[in-house]
Amino acid sequence: MTVDTYWDQTDDELYERLGAALLGEGLGVSPDDRDSHRKFGRSWFANKTRELQRIVCHAEVVQGLLGTSTSDRVIDGGAVYELLQGHGHDPVSAAILAVLIARIGLGTFCATAPPKP
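Numbering (our numbering), first residue to last: 143 to 259.
Here it is, written out as structure tokens:
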């Protein structure tokens, strides 16, 4: 799995896939299950934002991308993907999270990051 796998999906689809990756999927997923996965994925992302900011925003590679006029969301997403995988996120959730963060924009995502420990 890479960032490219998820780049063309909507945010709702990404949150649904994130929820499914975190909760697991059974056979015969119903529309209610998809909605539950989407809600769980959104909630999880909101609750983990500070933790994700600590991983992403203070990393040297991201610091090099912040504030540049040549920032490219695909490049940003690839850098975030590598960071998240290095911090124990599985390839699917790392790729989904990287796309969501890149869509927000590194500058916006990191603007409220907690100070470096």
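No residue lacks a Cβ here, since even glycine has one placed at the ideal position from N, Cα and C.
Per the Cβ contact rule, the stretch 177-185 is not in contact with the stretch 224-231 (fewer than 3 Cβ pairs under 8 angstroms). If the five residues before and after G219 are omitted, its C-beta is found closer than 6 angstroms to the C-beta atoms of V145, A240, V241, A244, all from its own chain and listed in chain order. Remark: C-beta atoms of Y223 and A237 approach each other more closely than 8 angstroms. Under the criterion of beta carbons closer than 8 angstroms, E158 and H179 qualify as touching, at roughly 5 angstroms. In the three-state reduction of the DSSP assignment, C199 falls in the coil class, being assigned neither a helical nor a strand state.
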